[in-house]
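Per my numbering, the sequence shown starts with residue 216, numbered consecutively. Every residue gets a Cβ at the ideal spot worked out from N, C-alpha and C, and that includes glycine. The block underneath contains the structure these notes are about, expressed in structure tokens.
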Amino acid sequence: MTPSATRTGILIGAVLALSGVAFGFWAFVFVAVAMAIGALVGRIVDGKLNVAGLVDAFRGKRSSS
Numbered sequence: 216m217t218p219s220a221t222r223t224g225i226l227i228g229a230v231l232a233l234s235g236v237a238f239g240f241w242a243f244v245f246v247a248v249a250m251a252i253g254a255l256v257g258r259i260v261d262g263k264l265n266v267a268g269l270v271d272a273f274r275g276k277r278s279s280s
């Protein structure tokens, strides 16, 4: 069975909620940041995120397209 976006969202919410309840607010923040970084790395590895375009956006450069 392939995971749907709903199931993935439920799993992410459960992990964040459990970390917040079990370890407190800062653990919740740390887990959320770690999950976001992991998602970015995963998208880069899959080739679904253009790193050069992302760097240009942070530098304030605008794309022509």
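The continuous stretches of alpha helix (DSSP H) do not include R277, and DSSP gives it neither H nor E. For S219, the number of other beta carbons within 10 angstroms of its own is below 16, and it is reported as exposed. Per DSSP, the continuous alpha helix (DSSP H) segment holding L226 begins and ends at A220 to F238.
One thing to note: L231 has its Cβ no nearer than 8 Å to the Cβ of A249.
Between V270 and I259, the gap from beta carbon to beta carbon reaches 8 Å or more.
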